[in-house]
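Have a look at the structure below before the remarks.
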Amino acid sequence: MPRLIKKSGKKVGTAPGTLLHIGERRAESVRITIIDYDEQTYQEKELTKIEECLTFKTTPTTTWINIDGLHQVEIIEKIGQLFDLHPLILEDILNTNQRPKMEEYDNCIFAVLKMLTYDEQNRRIRTEQISLLLGPNYVISFQESIGDVFGSVRERIKTGRIRIRKSGSDYLFYALTDSIVDHYFVVLEKLADKIESLQEQVASDPSEVLLHNIHELKREMIYLRKSVWPVREMMNALIHMESSLIKQTTEIYLRDVYDHAVQVIDTTETYREMVAGMLDVYLSSISNKMNAVMKVLTIIATIFIPLTFIVGIYGMNFEFMPELKWLWSYPLVWLIMAVVAMIMLVYFKKKKWI
Amino acid sequence: MPRLIKKSGKKVGTAPGTLLHIGERRAESVRITIIDYDEQTYQEKELTKIEECLTFKTTPTTTWINIDGLHQVEIIEKIGQLFDLHPLILEDILNTNQRPKMEEYDNCIFAVLKMLTYDEQNRRIRTEQISLLLGPNYVISFQESIGDVFGSVRERIKTGRIRIRKSGSDYLFYALTDSIVDHYFVVLEKLADKIESLQEQVASDPSEVLLHNIHELKREMIYLRKSVWPVREMMNALIHMESSLIKQTTEIYLRDVYDHAVQVIDTTETYREMVAGMLDVYLSSISNKMNAVMKVLTIIATIFIPLTFIVGIYGMNFEFMPELKWLWSYPLVWLIMAVVAMIMLVYFKKKKWI
Amino acid sequence: MPRLIKKSGKKVGTAPGTLLHIGERRAESVRITIIDYDEQTYQEKELTKIEECLTFKTTPTTTWINIDGLHQVEIIEKIGQLFDLHPLILEDILNTNQRPKMEEYDNCIFAVLKMLTYDEQNRRIRTEQISLLLGPNYVISFQESIGDVFGSVRERIKTGRIRIRKSGSDYLFYALTDSIVDHYFVVLEKLADKIESLQEQVASDPSEVLLHNIHELKREMIYLRKSVWPVREMMNALIHMESSLIKQTTEIYLRDVYDHAVQVIDTTETYREMVAGMLDVYLSSISNKMNAVMKVLTIIATIFIPLTFIVGIYGMNFEFMPELKWLWSYPLVWLIMAVVAMIMLVYFKKKKWI
Amino acid sequence: MPRLIKKSGKKVGTAPGTLLHIGERRAESVRITIIDYDEQTYQEKELTKIEECLTFKTTPTTTWINIDGLHQVEIIEKIGQLFDLHPLILEDILNTNQRPKMEEYDNCIFAVLKMLTYDEQNRRIRTEQISLLLGPNYVISFQESIGDVFGSVRERIKTGRIRIRKSGSDYLFYALTDSIVDHYFVVLEKLADKIESLQEQVASDPSEVLLHNIHELKREMIYLRKSVWPVREMMNALIHMESSLIKQTTEIYLRDVYDHAVQVIDTTETYREMVAGMLDVYLSSISNKMNAVMKVLTIIATIFIPLTFIVGIYGMNFEFMPELKWLWSYPLVWLIMAVVAMIMLVYFKKKKWI
Amino acid sequence: MPRLIKKSGKKVGTAPGTLLHIGERRAESVRITIIDYDEQTYQEKELTKIEECLTFKTTPTTTWINIDGLHQVEIIEKIGQLFDLHPLILEDILNTNQRPKMEEYDNCIFAVLKMLTYDEQNRRIRTEQISLLLGPNYVISFQESIGDVFGSVRERIKTGRIRIRKSGSDYLFYALTDSIVDHYFVVLEKLADKIESLQEQVASDPSEVLLHNIHELKREMIYLRKSVWPVREMMNALIHMESSLIKQTTEIYLRDVYDHAVQVIDTTETYREMVAGMLDVYLSSISNKMNAVMKVLTIIATIFIPLTFIVGIYGMNFEFMPELKWLWSYPLVWLIMAVVAMIMLVYFKKKKWI
């Protein structure tokens, strides 16, 4: 899981639009790949200079420019010039602590999303910020590092699926967004596994480690919710945005992403309630165990304290203690003690303490 | 009760509209039944091939096509072609983890609902996803398995009740929805029974099993709420939807379903508060029992500890202890101890500890 | 108090509008009374046959038909025919588990309310469902049993109060609604009495019975809120409803009922917070008592345990224990023990444990 | 503080507009004072008969009629006739359990507010209901008793402040409302003092009295909030009300009152959170103290119990116990006991229990 | 951190617009500085008399007048006259307990904000109220004391950054607001540091000081939220305000500030949840420690109590106790005691108490 408390990193006091990469450097070097297609043609290549993509800008084909790595600010700046982007867009792309959001500009739609993947090795959620730019016939995606969830989208374009090939840049924009939201389900499943395994433990073996795990899970869920919650509004805004960049046939697909976002939020809420319930069970398990311990103490102590008192009496050294000389005193004391212990046990039994 | 944490099962990365059955296979084989009626005629039959239903599509009579079993994707795909359905509809029908929802398409209204029934044997809620498609003169219902809550609707059509026979497909759509929502009340009653029986136990015998049962009940209620909550919005949307598919006379009936959904939600909320209150009672019962145990320990210990100290004194072996030689020492010690015990008992009585 | 968890009683699967009385039979036989009045005339009689009321339907005078007892379904059905009511209205009248609601039909306004009265003998809230039908010049009220809160309304009509006599059926409708809402204040006062008496007990004597009473009070408040909450929306809807059935001069009175409903809800919320606070006080009273008990145990035990150890030492039977032979050993031991006890008491005093 | 649970006092079942004084009689006799002013003139007198105020009604000067004491219903009734007020207004004036509200009538605006003052002697909030009536060139204020927060308004009128003198009745209405809301800040400050003094105590000396004080504070805050919350809506409604009675220049002042009301609500919410936090601190202080007590018990008990066992062993009277005859047994036992105690102390130290 | 419970200081009962400085005097003397610029020119000077700024009022250049120190009421009053400000604006400027807000007047837009800085020395948040006035070609800022967060804005103007130089007063207004909101991130980071350091402690060493720190953190967060929350509404209002004072090109920048405000609020909420979770962990750490202590007590006590009883038996002085004379009694008693202790240890082990 990413650090929840991130340094905001906003370079305080800089002019708006000042380009500064905020976040850790994750990629070795910046990689720019381009996929250009329409119903008939398909072209894929890796660019060495960002200026090369200009040739694709004016063609009627749909162009997907993908940038992996944000640490070379001058590349982002160049793209800003080439595609005539507002300085605030570039600032937002470079600041990886952005809240997911969607903004309409004159010549493009700009979206920031959080891509969540599950790191199996460390059993943590990994997060990466994706910025998407939808222009008239291009989509530009900015990623923090190489490796993403867009594999299937590339596959579908490459294998020439009709729908994606002929539907233009807004459909590509949808497909990328959909891939990201779909991956939230994968993360949800992992959380579900964790919840189930914790739920079994919480009843059988409520240890302190468990409490720690529950709270970690809780934090992961806060993080997931923070990533997903704005997506719903984003999609809603996108559906009702009367932008010429989005065709009406695409809206039905955006509605589908909206539904998925709602479902993720819903499920997260359910998980939250379950984890809250788990905490309750944990706390009462602990307290039940404590009670069991206390009861044993009480019973043993309350039985033996009077008996110890009795034997104490006949340990006194008075010269004139007639009982000490009686023949049957000793067995009698045993009898009395047995009776006292018996009465107490019966009392406890009746009170249902044993 | 169904597993709360379902594998979402969304095949991540597939193209939208890719048809994959997600969920467990519940039916042996897919069964297609058709009921075709108008005010005069009535016809009911089981189809062997899905294409047969085409003949009913164009007739002015109302046609209800019911499909039990979703695992044969090609049948669903065929229906999609025959009735010209959007690929996303088919995808949603096949994904049994859908959130209840309602969507308007150009040629039909599509609804997903959760059918809840109570499994008496296992004392659990069973859930099944129902997709309903309302077209100009047909309704298609998709179920996960054979067996449903639509018996009375079939009965009313068969016996020729005037209203249902002459009211067209939108009334049939209403009748099916109404049946599903009505069955939520049955589930509510079962939950009410559980709550009542738990409420009696919680006061009399607050065991750990009880806590477990309360939390299971809580989970069932979360599940119920998740199923019902969206139904309210659905009905509201349906009432205010200005669709040519729904006649104005039917709206008043949809308002009735809306009312029932609100009532189910209301009752669920009340149950939630009651269960929360039950948990409070449980926890303080436990803590009261603990306190009672502690008090007994305190009283017995505090009475005997000083007495044991006194008898200890005269167990000492000093050569020069004048009391040891006195004639009345022993009875005097008994007296002193009785007085000490008395004072303590009175003190405890005054403090209302006994 | 009525059972909170009512069997919903909805006969699942029946056709909408199927007339079935749901609820317990509370009246011996159905009683139909009619009050017919205008500014000059006044007439009151008990009908033996429901058809008799038809004569009043067409006259310009205001007619109030009151039906006590719902178990004779055929009477309700007859009224439905006579006044041309929608089948769903009749169904709702007969189902006494209705949520309070207000509905506008073409020829009438239909309202369901809960009449709450306080049963002094059993110290419980009694509830009864009232359905009100406002037509052009009549109001029909349906009650579950004989006996209601409308006494003062009848009185005012009978004694010829100007305003009610000349204001038509909508004013009568208002007057009945107002009577019901006014009675909520009576119930509120009874709850206030309960809260006050509990509040005194909670500080002085926090017993387990008290906890039970607090939770019962809480349930009663849930019930009250459930009855009142929808009334607010109802009144609001009624005020903004542009119905020809409600004159503008009446609206100001409906606003008054709205205000009262808001006030009841407000007060209920305040009570809820107070009861919640009471529970907190109760729990910390219990825990404070427990702490007091524990402290006494600690102090007595910690003082005597070392002393008992000391006397134990000189109870040992070693042959070579020089102290045993000293002349002043015994008083010295007493002195030591006194000092030890003193030190401990001072320590506890300093720590503010005593 | 006023009793939170007031008898609602609504005379159930009376006709709307029936005039009954509800609340305690607080004034000896009803006092009617009148202040009449415009830019040039100023007149102030006490009326003996209510009819006298009629002369002021028609003059263009601004007239402020103040009535102290509500128990003489006939005076209120007379005013109703003279100024042609709706019966419901009069009913609301007389019912001192009114929720703060604002209503627009044809010829006037009617407002009910709660005037809060802080009773220094009893350290409680005192509440009084103020009804304000804004007419074309008059304001009538109804108070429960003599003594109010309007001193500074009177002063400003008397000393001839330009703005108030020339601004008409709506400005006067604003000035009175503003005075009342301003006084909420005084009450807030007193609460703040209480919170601060409690906050110091809660850390140093968490007694049961403190808990009681915290809960009383909580109740006072519930009461304050109940009084202020509706004021916000009232002011909002007043600002957006398109009434000829309120000049546009006055609106900016009403916005100011609105801001103040929001600020009071905000501060109340902050206080609530602080008091909630205080309760948490209180409870954990209590539980920490308890833990400290328990630890001492544990340490003393666990150290001495084994030692007492050891001395018990050599108190046994067996004939054949070789140790009893050894020369160095007694010092050895002391040594052993010292070692055992040492080990335990080190163990506790390591576990950080001491 | 500033005192949370501030004396509201509103001089109750003064006429609206009465100018009174409310708050502590923070500056030695009032300092007035002026920065006047357009694309070509730049001028900066400190004024000795407020009237000097009049010369800048009419020039087309953008003028930023900054006043540090509010205690000289006559200066504020003078400004009010020179710039024709509404008396309520001046009142609000002087009252440093203002809630952040934004108001549109005929000739200006008035905003109140809280400037938060982090006082490293005392580890507390420092707060200062900033009032901003946006006029046609000027911005006036009022601060409580010298020293602010506007350094970078001054720098950008001075160094002649194109955008700020040519964008007029509304852009300057934005730049100042942005600086203030940007500084909230600095405060957030400091809180994040605190949270992290507390989080480590809470697991390892849950002391009472920690609880105190957590609650202080909580209070700081309440304060932060109170400052930021209204900023969101303010920015939203500003964006949708159709004022001639704000150019459309500036709106996109205000949207950016809005986004930042949302992000601060979001982060604050996340922190709140984390601190709440921390409290839970703290409380269960405490209770776990307590349980560990209790267990040790139980185990030692329950093992030794029976053993002490056994040795007590053979400390009795009866003449007829056959065991006392047996040769192997003493070792046998040791054996018995070892067995009893063994059984108990095994039992505890099995119960997982050790």
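Same order as they appear, the protein sequences are chains P, Y, H, R and A. Residue 59 in this note's numbering is what sits at position 69 of the first sequence, and the numbering runs on without skipping anything. Residue 101 in this note's numbering is what sits at position 111 of the second sequence, and the numbering runs on without skipping anything. Residue 262 in this note's numbering is what sits at position 272 of the third sequence, and the numbering runs on without skipping anything. Residue 49 in this note's numbering is what sits at position 59 of the fourth sequence, and the numbering runs on without skipping anything. Residue 187 in this note's numbering is what sits at position 197 of the fifth sequence, and the numbering runs on without skipping anything. Positions of the beta carbon are idealized from the N, C-alpha and C atoms, including for glycine.
Asked: Looking at the strands, I want to know which residues DSSP matches up with P/Asn85.; Found: P/Ile12
Asked: In whole angstroms, what separates the C-alpha of R/Ile120 from that of P/Lys341?; Found: 60 Å
Asked: Starting from A/Glu134 and walking both ways along the beta strand (DSSP E), at which residues does that stretch end?; Found: Taken as a continuous stretch (DSSP letters only), A/Glu134 belongs to no beta strand (DSSP E), as it is neither H nor E.
Asked: From P/Val323, P/Tyr320, P/Phe308, pick the residue whose C-alpha is nearest to that of Y/Leu322; which is it?; Found: P/Phe308
Asked: For the stretch 252 to 275 of chain H, list every residue whose C-beta sits within 9 Å of some C-beta in chain Y, in sequence order.; Found: Leu269, Tyr272, Leu273
Asked: Any C-beta of chain R sitting closer than 8 Å to the C-beta of A/Arg114?; Found: no
Asked: Can you tell me which residues form a DSSP beta bridge with R/Thr52?; Found: R/Tyr27
Asked: Let me confirm a value: R/Val336 is counted as buried when at least 16 other C-beta atoms fall within 10 Å, else exposed. Which label applies?; Found: exposed
Asked: Apart from the five residues on each side of it in sequence, which residues of its chain come closer than 7 Å, Cβ to Cβ, to H/Ile276?; Found: Pro196
Asked: I believe R/Asp160 touches R/Thr31 by the beta-carbon criterion, under 8 Å. Please report the beta-carbon distance rounded to the nearest angstrom.; Found: Their Cβ separation, rounded to whole angstroms, is 19 Å, which puts R/Asp160 and R/Thr31 out of contact at 8 Å.
Asked: Is R/Glu347 near A/Ile212, with beta carbons less than 8 Å apart?; Found: Shown here, chain R extends from -9 to 344; a query on residue 347 of chain R therefore has no answer.
Asked: In chain A, what lies closer than 9 Å to R/Asn97 by C-beta?; Found: Simply none; closest approach about 27 Å.
Asked: Are the Cβ atoms of H/Ala266 and Y/Ile295 separated by less than 8 Å?; Found: no
Asked: Would you kindly check if the distance between the Cβ of Y/Met284 and the Cβ of H/Val283 is under 8 Å?; Found: yes
Asked: Report all residues from its chain with a CB closer than 6 Å to the CB of A/Leu75; omit the five preceding and five following residues, and keep chain order.; Found: none
Asked: By how many angstroms is the C-alpha of H/Ile24 removed from the C-alpha of H/Phe140?; Found: 13 Å
Asked: Give the interface partners of P/Val221 over in chain A, defined as CB-CB distance under 9 Å, in chain order.; Found: Per Cβ cutoff of 9 Å: no residues; P/Val221 is ~14 Å from chain A at best.
Asked: Check each residue of the stretch 39 to 53 of chain A: if its Cβ is closer than 8 Å to any Cβ of chain P, include it; give the result in chain order.; Found: none
Asked: The alpha helix (DSSP H) spanning R/Lys104 covers which residue range?; Found: It is not in any alpha helix (DSSP H) - R/Lys104 instead sits in the beta strand (DSSP E) that spans 99 to 109.
Asked: For Y/Asp26 versus Y/Thr8, is the C-beta distance shorter than 8 Å?; Found: no
Asked: Which chain Y residues are close to H/Gly158, counting only those with a beta carbon under 8 Å from its beta carbon?; Found: The contacting residues do not exist; H/Gly158 stays about 26 Å from chain Y at best.
Asked: Relative to the C-alpha of A/Arg116, which candidate in A/Pro312, A/Gly137, A/Val102 has its C-alpha closest?; Found: A/Gly137
Asked: In chain P, which residues lie with their C-beta within 8 Å of the C-beta of Y/Lys216?; Found: Asp256, Thr260
Asked: Do you know how far the Cα of H/Leu273 is from the Cα of H/Leu200?; Found: 11 Å
Asked: Can you give the Cα-Cα distance for R/Lys184 and H/Ala193, rounded to whole angstroms?; Found: 22 Å
Asked: Residues in its own chain within less than 7 Å of R/Leu269 by CB, not counting five upstream and five downstream?; Found: Ile204
Asked: Go to R/Ile326, then tell me how far its alpha helix (DSSP H) extends in each direction, as first and last residue.; Found: 319 to 340
Asked: What residues from the stretch 152 to 180 of chain Y come within 9 Å of chain P, judged by C-beta to C-beta, listed N to C?; Found: none
Asked: Please confirm if H/Ala291 has its CB atom under 8 Å from at least one CB of chain R.; Found: yes
Asked: Please classify A/Val329 as buried or exposed, where buried requires at least 16 neighbouring CB atoms within 10 angstroms.; Found: exposed
Asked: Would you call P/Lys180 buried or exposed, if buried means 16 or more other Cβ atoms sit within 10 Å of its Cβ?; Found: buried
Asked: Let's see if you can read the secondary structure: which residues bound the alpha helix (DSSP H) around Y/Tyr213?; Found: 198 to 230
Asked: Can you name, in chain order, every residue of its own chain whose Cβ lies under 6 Å from the Cβ of A/Glu118, other than the five neighbours on each side?; Found: Met105, Glu134
Asked: Go ahead and label A/Asn56 buried or exposed: buried means 16 or more other beta carbons lie within 10 angstroms of its beta carbon, across all protein chains shown.; Found: buried
Asked: Are three or more beta carbon pairs between the stretch 220 to 234 of chain P and the stretch 90 to 99 of chain P nearer than 8 Å?; Found: yes
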